[in-house]
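Residue numbers (the numbering used here): 399 to 633. Here a beta-carbon is modelled for each residue, glycine too, at the ideal position from N, C-alpha and C. What you are looking at is a predicted structure, and each value in this text was computed from that prediction instead of being measured. Before any comments, here is the structure.
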Amino acid sequence: GNGTPVSNSNSLSFDGQDDYVDCGNIQFSGEELSFMCWVNLNNIATGSQNNIGNVFRNHWQDGNWLRFIGTRPSFNVNTIGGLPPEMESQTSLNLNQWYYISCTYDGSVMKIFIDGILDIQRPFSGVLTTYIQPEDNFYLGGANTGNSFAEFLDGTINDASLWNHTLTQSEIQNYMSCPPTGNEAGLVGYWNFNEGTGSTVTDLTSNGNNGIINGASWSTQTPNQYCNNCTATDS
399 GNGTPVSNSN SLSFDGQDDY VDCGNIQFSG EELSFMCWVN LNNIATGSQN
449 NIGNVFRNHW QDGNWLRFIG TRPSFNVNTI GGLPPEMESQ TSLNLNQWYY
499 ISCTYDGSVM KIFIDGILDI QRPFSGVLTT YIQPEDNFYL GGANTGNSFA
549 EFLDGTINDA SLWNHTLTQS EIQNYMSCPP TGNEAGLVGY WNFNEGTGST
599 VTDLTSNGNN GIINGASWST QTPNQYCNNC TATDS
């Protein structure tokens, strides 16, 4: 069978114009990074940088990000002394369909996974760096709005997680079915958007990286998830 359905009541919808969530200043360091989330694209993003929409981003110009160029996921890491080598997936996603997008960096290889399957990888090395200007906070659903490089997602996201740890393919596939609980090793921030009301998305880790919603709206549209081997009890 499919296992036990996961309780997943809400997601967060972005209009592609000016919506974003500000999760505050999250420092990046070391040589490991992973982003993961469910994404459902409503439309190809438009805006000042045409056809680009951000899912995760820190620093508007050259930070670490997962974004969409058209409907193709694109991953970037920013390393000390290195210009960021943005890597676009080979796959264009369908609109109005949930996908689990994962990006990993282990200090030597960048990878993008779509629904737990490796889509593209590229050699790259270097130590991650971050900025500490106020505009360089970590954003969900958009980039910094204080400049002409604002890039907003037109779509819905769910179960977003940020790690300073390189997840394996089997770990990615597990979290795709069975979301994190919040206390996993290397988990920097995890937002499941199940609040469904209010203006804050809660970071379920102990790191306190709660997000302030700017314009994004709650949605009850969620992907179907089934846990075959969850150790945590779904509440």
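Check your understanding: Of all the options F550, N572 and W589, which has the alpha carbon lying nearest to the alpha carbon of G613?
Key -> For G613, the nearest C-alpha among the options comes from F550.
Exercise for review: For Q623, count neighbouring C-beta atoms within 10 Å of its own C-beta (all shown protein chains included) and say buried if the count is 16 or more, exposed if not.
Suggested key: By the 10 Å Cβ count, Q623 comes out buried.
Point to revise | Cβ distance (whole Å) where V586 is taken to contact N605 below 8 angstroms | key: Yes, they are in contact, since the Cβ atoms of V586 and N605 sit about 6 angstroms apart, within 8 angstroms.
**Study point:** Test item: CB-CB of D552 and L439 under 8 angstroms
**Key:** Yes, the Cβ-Cβ distance between D552 and L439 is below 8 angstroms.
Check your understanding: When you compare only the Cα positions, how much space is there between I424 and S568?
Key -> So the alpha carbons of these two residues sit roughly 26 angstroms apart.
Practice item. Could you tell me the distance, in whole angstroms, from the CA atom of S633 to the CA atom of E593? Key: At S633, the pLDDT of 42 sits below 50, so the modelled position is not reliable; the number obtained from the coordinates is stated separately. Rounded to whole angstroms, S633 to E593 spans 13 angstroms at the Cα level.
**Study point:** Between the CA atoms of S405 and S597 - distance to the nearest angstrom
**Key:** The alpha-carbon separation between S597 and S405 amounts to approximately 21 angstroms.
Check your understanding: Tell me the DSSP bridge mates of S500?
Key -> M434 and F511.
Review point. So, helix, strand or coil for S568, using DSSP?
Key: The three-state reading of DSSP puts S568 in helix, counting H, G and I together.
Check your understanding: Using DSSP with H/G/I as helix, E/B as strand and the rest coil, what is A630?
Key -> Because A630 carries a pLDDT of 49, less than 50, the predicted location of this residue cannot be relied on, and no value is offered for it.
Practice item. Report the option in T554, N476 and F433 whose CA atom is closest to the CA atom of L493. Key: Nearest C-alpha to L493 among T554, N476 and F433: T554.
Practice item. Report the residue from I515, P621 and W616 whose alpha carbon sits nearest the alpha carbon of F412. Key: The shortest C-alpha to C-alpha distance from F412 to any of I515, P621 and W616 is the one to W616.
Review point. Once you ignore the five residues that flank S487 on each side, which residues in its own chain have a CB closer than 6 angstroms to its CB?
Key: Excluding sequence positions up to five before and after S487, its CB lies within less than 6 angstroms of the CB of R470, P471, I510, D517 and I518, all in the same chain and listed in chain order.
Check your understanding: Using the beta-carbon count (16 or more within 10 Å), is P403 buried or exposed?
Key -> By the neighbour-count rule (16 or more Cβ atoms within 10 Å), P403 is not buried but exposed.
Review point. Name the DSSP bridge partner or partners of Q619?
Key: Checking the DSSP bridge columns, you'll see Q619 has no partner listed.
Practice item. Using only alpha-carbon positions, find the residue among G428, C625 and W463 that is nearest to N542. Key: Closest by alpha carbon: W463.
Exercise for review: Output the distance between the C-alpha atoms of S500 and L431, rounded to the nearest integer angstrom.
Suggested key: In this structure, the alpha-carbon of S500 lies about 11 angstroms from that of L431.
Exercise for review: Count the other CB atoms, across all protein chains shown, that sit within 10 Å of the CB of V525; report buried if there are 16 or more and exposed otherwise.
Suggested key: Its Cβ having fewer than 16 others within 10 Å, V525 is exposed.
Review point. Which residue's Cα is closest to the Cα of G451: V507, Q495, G540 and S490?
Key: It is G540.
Exercise for review: Would you list the residues sitting across from Q495 in a DSSP beta bridge?
Suggested key: Listed as beta-bridge partners of Q495 by DSSP are no residues whatsoever.
Practice item. Identify whether D417 lies in helix, strand or coil by the three-state DSSP scheme. Key: When DSSP states are grouped into helix, strand and coil, D417 belongs to the coil group.
Review point. Which residues share a DSSP beta bridge with L585?
Key: Answer by DSSP bridge pairing, in chain order: W561.
Point to revise | S407, DSSP secondary structure in three states | key: In the three-state scheme derived from DSSP, where H, G and I count as helix and E and B as strand, S407 is classed as coil.
Review point. Apart from the five residues just before and just after G468, which ones in its own chain have a Cβ nearer than 7 angstroms to its Cβ?
Key: The residues are I442, N449 and S490.
Practice item. State buried or exposed for N626, treating a residue as buried only when at least 16 other CB atoms are found within 10 Å of its CB. Key: Exposed.
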